[in-house]
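Residue numbers (our numbering): -14 to 493.
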Ligand SMILES: *[C@@H]1O[C@H](CO)[C@@H](O)[C@H](O)[C@H]1NC(C)=O
Ligand SMILES: *[C@@H]1O[C@H](CO)[C@@H](O)[C@H](O)[C@H]1NC(C)=O
Ligand SMILES: *[C@@H]1O[C@H](CO)[C@@H](O)[C@H](O)[C@H]1NC(C)=O
């Protein structure tokens, strides 16, 4: 039970297009929440686990993390996973998306040896979820690469594709009887971004593009293996989770530039998989050829895909996984204007991307809230690749505040779910589910523990890592139970319930 008081301090109005419709999600629509191994597990050095690139990064360059923290303990989920399952059950989740730590399951990175403790941990987690009727959804790679592979160049090394496929095969063979939803790689755009130094792709010219090809090959190898050897037995689904934030044009004159941004950032990873023809998007091939030639490279920095590779990667998805947080507006830089590097920017284009003026600022600013961008992105996917089965694999509100009465987060969730309803009922999109990031506050990469995304607050100064539901947890469980998003209705229900109760704890 949640014991929080609340005040009627926010009001929200639903989109006029939905006004006359049932604000209900179709019965097949599923709700989940997500976490990832490095961000929650802790126990970085227990048993035979070896360091991941994030263990190495946070230990050797702590000053890179906003609060100089690390994931050594994090939410202590390695020891407290039962509490995580309880929270998922309290929320009424249909599914829980978590990731396997590769160096925990395969301490040597290669499939030479499976850790029996690592194997047992994920067995316990999966079985615990299934016991409560919660479907496990497993991400195989969520940034915590075994350190040993970084020494070999990480994703810039084409051999990584096979090492990943070997690891994926181990996971499919151990857990495939119970896990039916698999994400191979989380956010390949981020995994290949050279400005995020932790990820080992540091060389800025070729590494990001070698990485792009390798993650696609890694994903495709895992996909084909599952399809040929596991799907006939288990009937599961495999896909990949893309970063999705909409790049819109600031003015009509910037339309072409914005489309180039979208193709460069998303088409580069999506066109090879989802398009009918496969391979790199034509404008990206041309762009990279132009840039490379101006820079004096004898060949394009974007490695070619052979005919066989194009065919091998094309169609390797059972759905499109999208992680949506924010959108940005693109325009050409004015003369002498200084650019600030931001994810997805290509310095060579001499353009500026900035938050929409009418977005509401979350914190950090990177995540300003612009729900309409989700619908725009889905329309873009549909236009480019035809109607696809879509799963929102992440969406969440971040704040530096850890208040329990998180009205901004509730509005964020409501407004994004509203856009999903518009996509389903107005645009005919096939969206199958929604995953809130995150189940609880956790180690938020470069922001450490300062950025809070959780439906549950975690007290990181408490040895037991006490978890406390926020008001948004109560709202989300209402959404799941009623299959409706109307926060006003939810508020009046809460008032009714509270009128019949004794005074409740005031945590405000
Ligand atoms: C594991 O790491 C912690 C720091 O997070 C350290 O205190 C402890 O001694 C280490 N344990 C082992 C067995 O190395
Ligand atoms: C590439 O360069 C050609 C010739 O300068 C130009 O016409 C074209 O617009 C450029 N394409 C891209 C995508 O930059
Ligand atoms: C937000 O601003 C952009 C750019 O000015 C505009 O295209 C868009 O329609 C606005 N969205 C809303 C919801 O007001």
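Yeah, the Cβ is synthetic: ideal placement off N, Cα and C, and Gly gets one too. In this text, all values refer to a predicted model and were calculated from it rather than measured experimentally.
Query: Residue 17 - containing beta strand (DSSP E), residue span; Result: 15 to 19
Query: Between the CA atoms of residue 325 and residue 337 - distance to the nearest angstrom; Result: 8 Å
Query: CB contact flag (residue 232, residue 315, <8 Å); Result: yes
Query: For residue 80, the three-state DSSP class (helix, strand or coil); Result: strand
Query: Limits of the unbroken beta strand (DSSP E) element including residue 340; Result: 336 to 340
Query: Residue range of the unbroken alpha helix (DSSP H) whose run includes residue 157; Result: 145 to 160
Query: Simplified DSSP assignment, three categories, for residue 130; Result: coil
Query: Whether residue 514 touches residue 376 by CB criterion (8 Å); Result: Coverage of the chain is limited to positions -14 through 493, which leaves residue 514 absent and any answer about it impossible.
Query: Reduced DSSP category for residue 438 - H, G, I as helix; E, B as strand; rest coil; Result: coil
Query: Between the CA atoms of residue 198 and residue 264 - distance to the nearest angstrom; Result: 10 Å
Query: Secondary structure of residue 378, DSSP reduced to three states; Result: strand
Query: Assigned secondary structure, residue 386 (DSSP; H/G/I helix, E/B strand, else coil); Result: coil
Query: Residue 430 - containing beta strand (DSSP E), residue span; Result: Taken as a continuous stretch (DSSP letters only), residue 430 belongs to no beta strand (DSSP E), as it is neither H nor E.
Query: Spatial distance of residue 44 from residue 482 (CA atoms); Result: 49 Å
Query: Every unbroken beta strand (DSSP E) within the segment 221 to 265, with a cutoff of 3 residues, ordered by chain; Result: 222 to 229, 232 to 234
Query: Straight-line gap, residue 62 to residue 138 (C-alpha atoms, nearest Å); Result: 30 Å
Query: Inter-residue CB distance, residue 404 and residue 356 (contact presumed, cutoff 8 Å); Result: 5 Å
Query: Residue range of the beta strand (DSSP E) that includes residue 393; Result: Counting along the chain, residue 393 falls outside any beta strand (DSSP E), though it belongs to the alpha helix (DSSP H) covering 392 to 410.
Query: Nearest candidate by alpha-carbon position, reference residue 301, set 209, 94, 450; Result: 209
Query: Proximal residues to residue 445 (C-beta, below 6 Å), its chain only, five neighbours per side dropped; Result: 434
Query: Touching by the beta-carbon criterion (3+ pairs, under 8 Å), the segment 89 to 98 and the segment 123 to 137; Result: yes
Query: Residue 123 (DSSP reduced to helix, strand or coil); Result: strand
Query: DSSP-derived helix/strand/coil call for residue 85; Result: coil
Query: Separation of residue 429 from residue 421, as counted between CA atoms; Result: 15 Å
Query: CB of residue 19 within 8 Å of CB of residue 82, strictly; Result: yes
Query: Residue 417, DSSP secondary structure in three states; Result: strand
Query: Closer than 7 Å: residue 341 CB and nearest ligand 3 heavy atom; Result: yes
Query: Cβ-heavy atom distance, residue 357 to ligand 3, below 7 Å; Result: yes
Query: Cα-Cα separation between residue 48 and residue 453, rounded to whole angstroms; Result: 29 Å
Query: Residue 275 CB to nearest heavy atom of ligand 2 below 7 Å; Result: yes
Query: Residue 436 burial status per 10 Å Cβ neighbour count (16 or more: buried); Result: buried
Query: Three-state secondary structure assigned by DSSP to residue 530; Result: Any property of residue 530 remains undetermined from this structure, which presents the chain solely from -14 to 493.
Query: Cβ-based burial, residue 457 [other Cβ within 10 Å; buried from 16]; Result: buried
Query: Beta-carbon proximity of residue 378 to residue 414, cut-off 8 Å; Result: no
Query: Distance cut-off 7 Å: residue 302 Cβ against heavy atoms of ligand 1; Result: no
Query: Closer than 7 Å to ligand 1: residues, by C-beta to nearest heavy atom, in chain order; Result: 29, 30, 57, 58
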